[in-house]
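Engineer:
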Amino acid sequence: MSRQSNRTTDSKKMNSELFTLTYGALVTQLCKDYENDEEVNKQLDKMGYNIGVRLIEDFLARSSVGRCQDFRETADVIAKVAFKMYLGITPSVTNWSPAGDEFSLILESNPLVDFVELPDNHSSLVYSNLLCGVLRGALEMVQMAVDVKFAQDSLRGDNVTEIRMKFIKRIEENLPAGDE
Amino acid sequence: MADEALFQFLHNEVIQYIYKSAEHGEMENGRCISKLENMGFRVGHGLIERFTKDTVRFKDELDVMKFICKDFWTSVFKKQIDNLRTNHQGIYVLQDNKFRLLTQLSAGKQYLEHAPKYLAFTCGLVRGGLSNLGVKSIVTAEVSVMPACKFQVMIQKI
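In order, the protein sequence lines correspond to chains A and B. Going by the working numbering, 75 is the number at position 75 of the first sequence; the sequence numbering is gapless. Here the working numbering runs 1000 ahead of the position in the second sequence, where the first position is 1.
(1) Let me make sure I understand the geometry here. Which of 1090/B, 1008/B and 1066/B has the alpha-carbon closest to that of residue 52/A?
(2) Check distances from the C-beta atoms of the region 162-174 of chain A to those of chain B and list, in chain order, the residues that come in under 9 Å.
(3) Does the beta carbon of residue 1161/B sit closer than 7 Å to a beta carbon anywhere in chain A?
(4) Comparing alpha-carbon positions, which option in 1135/B, 1063/B, 1003/B and 1012/B lies nearest residue 1075/B?
(5) Is residue 1065/B close to chain A, meaning its C-beta is less than 7 Å from at least one C-beta of that chain?
(6) Nearest to residue 1134/B by CA position, among 1152/B, 1156/B and 1146/B, is which residue?
(7) Give the straight-line distance between the Cα atoms of residue 1092/B and residue 24/A, rounded to the nearest whole angstrom.
(8) Once you ignore the five residues that flank residue 1037/B on each side, which residues in its own chain have a CB closer than 6 Å to its CB?
(9) Residue 1154/B: buried (16+ other C-beta within 10 angstroms of its C-beta) or exposed?
(10) In whole angstroms, what separates the C-alpha of residue 5/A from that of residue 1071/B?
(11) Expressed to the nearest angstrom, what Euclidean distance is found between the alpha-carbon atoms of residue 95/A and residue 76/A?
(12) Does the distance from the C-beta atom of residue 148/A to that of residue 136/A stay below 7 Å?
(13) Decide if residue 1088/B is buried, meaning its Cβ has at least 16 other Cβ atoms within 10 Å, or exposed.
(14) Classify residue 97/A as helix, strand or coil using the three-state DSSP reduction.
(15) Secondary structure at residue 1008/B, three-state DSSP: helix, strand or coil?
(16) Do you know how far the Cα of residue 1109/B is from the Cα of residue 1051/B?
(17) By the three-class DSSP mapping on this structure, what secondary structure does residue 51/A have?
(18) Would you say residue 2/A lies against chain B (beta-carbon separation less than 7 Å)?
(19) Out of curiosity, what's the CA-to-CA distance linking residue 1054/B and residue 1063/B?
(20) Report buried or exposed for residue 119/A, applying the criterion of at least 16 other Cβ atoms within 10 angstroms of its Cβ.
(21) Tell me the DSSP secondary structure of residue 147/A in three-state form.
(22) Pull the bridge partners of residue 1096/B from the DSSP assignment, please.
(23) Can you tell me whether DSSP reads residue 16/A as helix, strand or coil?
(24) Which one or two residues does DSSP pair with residue 1075/B in a beta bridge?
(25) Among residues of its own chain, excluding the 5 on either side of residue 1084/B, which ones have a beta-carbon nearer than 8 Å to its beta-carbon?
(26) For the region 1098-1139 of chain B, which segments carrying the alpha helix (DSSP H) assignment without a break, of at least 4 residues, lie completely within its bounds, in sequence order?
(27) Strictly below 7 Å CB to CB, what residues from chain B border residue 25/A?
(28) Confirm, please, whether the CB-CB distance from residue 145/A to residue 171/A is below 7 Å.
(29) Tell me which same chain residues have a C-beta within less than 8 Å of the C-beta of residue 1/A, skipping the five on either side of it?
(30) Given this structure, state the Cα-to-Cα distance separating residue 1144/B from residue 1034/B, to the nearest angstrom.
(31) In chain B, which residues lie less than 7 Å from residue 83/A when you measure between Cβ atoms?
(32) Quick one: which chain B residues come within Cβ less than 8 Å of residue 50/A?
(33) Among 78/A, 98/A and 100/A, whose alpha-carbon lies nearest the alpha-carbon of residue 90/A?
(34) Assuming residue 104/A is part of the beta strand (DSSP E), what are its boundary residues?
(35) Using 7 Å as the limit for Cβ to Cβ distance, is residue 1057/B near chain A?
(36) From which residue to which residue does the alpha helix (DSSP H) around residue 115/A run?
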């Protein structure tokens, strides 16, 4: 078992590969099941939402982050703590709108798309759309309604991957909207 | 990095999705299990290539199975297989007393009928990994008391 010791950094990378490859298998299955990319995008968002509403509890249990005072703090926590914890990357937070209710997360690298190339017939597929759902679901559980979408996607030819997040409103009721 | 949690969430969502789409298309349980197993196969097939990039050549079948039980299982599930048994004639039984994907489900016999759903992907994972190492097999799983389960690997001589 002497091999194990120099594999510790490798094994972290390998675990993310497990996730990446599983995600790839999922998207492939969805593309097979649904005829058009829009449907696949919607499904990915729905599934992401279901994951997000559960992930937030896991996140809050693991990190010792308290309640965020404002949207800016939320953005920092998402980028510096959450993304780092689950995907091992730290996107940068930029492009704040003047009202302070909209910002962009810029991902230099996206672990979900390692080994992935989009074929020509799937040009409107938002491959990483699961992430949008996850963010939306997670924030809804902490009483924030947000709109999340990809503004740029490295898979579709852009230099970076950019996720645009817009704060819509504070949710007053405590009951979730329910799983879709 | 909390990869494990993320993978578990994704794995559970995949199972939900496969079974929900089955309801609409009126597919039987068997088809769903096959779909999950095939997904696992694809993933295992690719994953094992990455894992064994730098490892030395395997001496024999038993060596391959030991690799699956130790290194592969540790990388994927953060622990080793607890017990490996074989009849030296191509059948191996891998026992995991605390299978990571079942620990959240139950600690006994509750939800036993749902357990196979949570094992299908892993069966495929093992089958895919073995296939890319040149070993053709059939992998099944059985569980009587969660979270312990047994994976049975039957080597197919081509």
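A virtual CB, placed ideally from N, CA and C, is assigned to each residue, including glycine. Please read all numbers here as calculations on a predicted model, not as lab measurements.
Structural biologist: Short version:
(1) Here residue 52/A is taken as the residue at index 52 of the first sequence, counted from 1. Minimum Cα distance to residue 52/A is reached at 1008/B.
(2) Cβ contacts with chain B: none found.
(3) Shown here, chain B extends from 1001 to 1158; a query on residue 1161/B therefore has no answer.
(4) What you label residue 1075/B is simply residue 75 of the second sequence in a count that begins at 1. Taking only the C-alpha atoms, the option nearest residue 1075/B is 1003/B.
(5) For the purposes of this step, residue 1065/B is taken as residue 65 along the second sequence, with counting starting at 1. False, the Cβ-Cβ gap to chain A never drops below 7 Å.
(6) Stepping through the second sequence from its first residue, residue 1134/B is reached at position 134. When each option's Cα is compared against that of residue 1134/B, the closest is 1156/B.
(7) Within the second sequence, the letter at position 92 stands for residue 1092/B. Within the first sequence, the letter at position 24 stands for residue 24/A. Rounded to the nearest angstrom, the two C-alpha atoms are 30 Å apart.
(8) Numbered from 1 along the second sequence, position 37 holds the residue referred to as residue 1037/B. So the qualifying residues of the chain are 1120, 1123 and 1124.
(9) Walking along the second sequence from the start, residue 1154/B turns up at place 154. Residue 1154/B sits exposed, since fewer than 16 C-beta atoms from the chains shown fall within 10 Å of its C-beta.
(10) Locating residue 5/A in the first sequence gives position 5, where the first residue counts as 1. Locating residue 1071/B in the second sequence gives position 71, where the first residue counts as 1. Residue placement at residue 5/A is flagged as unreliable, the pLDDT there being 41, under the threshold of 50; the coordinate-derived value follows with that caveat. In this model, residue 5/A and residue 1071/B are separated by some 12 Å (Cα to Cα).
(11) In the first sequence, residue 95/A corresponds to position 95, counting from 1. In the first sequence, residue 76/A corresponds to position 76, counting from 1. Each residue's alpha carbon lies about 13 Å from the other.
(12) One-based indexing of the first sequence puts residue 148/A at position 148. One-based indexing of the first sequence puts residue 136/A at position 136. Contact flag set, yes.
(13) In the second sequence, counting from the first residue as 1, residue 1088/B sits at position 88. Answer is exposed; the Cβ neighbour count stays below 16.
(14) Your numbering for residue 97/A matches position 97 in the first sequence. Residue 97/A: coil per DSSP, three-state reduction.
(15) Here residue 1008/B is taken as the residue at index 8 of the second sequence, counted from 1. DSSP places residue 1008/B in helix when its eight states are reduced to three.
(16) As a first step, residue 1051/B must be located in the second sequence, where it is residue number 51. As a first step, residue 1109/B must be located in the second sequence, where it is residue number 109. So the alpha carbons of these two residues sit roughly 35 Å apart.
(17) Taking the first residue of the first sequence as position 1, residue 51/A is located at position 51. DSSP, read as helix, strand or coil, puts residue 51/A in helix.
(18) Here residue 2/A refers to the residue found at position 2 when the first sequence is read from its first residue. Low confidence applies to residue 2/A: its pLDDT is 42, below 50, so where it sits in the model is not reliable, and the reading given next is rough at best. Residue 2/A has a beta carbon lying at 7 Å or more from every beta carbon in chain B.
(19) Counting from one through the second sequence, the residue named residue 1054/B turns up at place 54. Counting from one through the second sequence, the residue named residue 1063/B turns up at place 63. Approximately 16 Å between the Cα atoms of the pair.
(20) Taking the first residue of the first sequence as 1, we reach residue 119/A at position 119. Sixteen is the threshold: since fewer than 16 other Cβ atoms of the shown chains lie within 10 Å of the Cβ of residue 119/A, the residue is exposed.
(21) Residue 147/A sits at position 147 when you count from the first residue of the first sequence. Residue 147/A falls in the strand class under three-state DSSP.
(22) Along the second sequence, read from residue 1 onward, the residue named residue 1096/B stands at position 96. Beta-bridge pairing links residue 1096/B to 1149/B.
(23) Indexing the first sequence from 1 puts residue 16/A at position 16. In the structure shown, residue 16/A falls within a helical segment according to DSSP collapsed to helix, strand and coil.
(24) As a first step, residue 1075/B must be located in the second sequence, where it is residue number 75. Under DSSP, no beta-bridge partner is assigned to residue 1075/B.
(25) Mapped onto the second sequence, residue 1084/B falls at position 84. If we look at residue 1084/B and ignore the five residues flanking it on each side, its Cβ neighbours are 1065, 1066, 1069, 1092, 1093, 1094 and 1095.
(26) Counting only runs of 4 or more residues that sit fully inside the region 1098-1139 of chain B, the alpha helix (DSSP H) segments are 1115-1132, in chain order.
(27) The residue labelled residue 25/A in the question sits at position 25 within the first sequence. Ordered by position in chain B, the residues that pass the 7 Å Cβ test against residue 25/A are 1039, 1042 and 1043.
(28) As a first step, residue 171/A must be located in the first sequence, where it is residue number 171. As a first step, residue 145/A must be located in the first sequence, where it is residue number 145. A contact, by the Cβ cut-off of 7 Å.
(29) Residue mapping note: residue 1/A aligns to position 1 of the first sequence, counting from 1. Here residue 1/A scores only 44 on pLDDT, less than 50, and its place in the model is too uncertain to base an answer on.
(30) Residue 1144/B sits at position 144 when you count from the first residue of the second sequence. Residue 1034/B sits at position 34 when you count from the first residue of the second sequence. Whole-angstrom Cα-Cα distance: 21 Å.
(31) Locating residue 83/A in the first sequence gives position 83, counting from the first residue. Listed along chain B, no residue sits closer than 7 Å to residue 83/A by beta-carbon distance, the nearest being about 11 Å off.
(32) To locate residue 50/A, count along the first sequence from 1; it is residue 50. Contact annotation for residue 50/A against chain B: 1013 and 1016 [CB-CB distance below 8 Å, chain order].
(33) The residue you call residue 90/A lines up with position 90 of the first sequence. Nearest option by C-alpha distance: 78/A.
(34) The residue given as residue 104/A occupies position 104 in the first sequence. In the DSSP assignment, residue 104/A falls within the beta strand (DSSP E) that extends over 102-107.
(35) Taking the first residue of the second sequence as 1, we reach residue 1057/B at position 57. No, because no Cβ of chain A sits closer than 7 Å to the Cβ of residue 1057/B.
(36) By 1-based counting over the first sequence, the position of residue 115/A is 115. For residue 115/A, there is no enclosing alpha helix (DSSP H), as DSSP marks it with neither H nor E.
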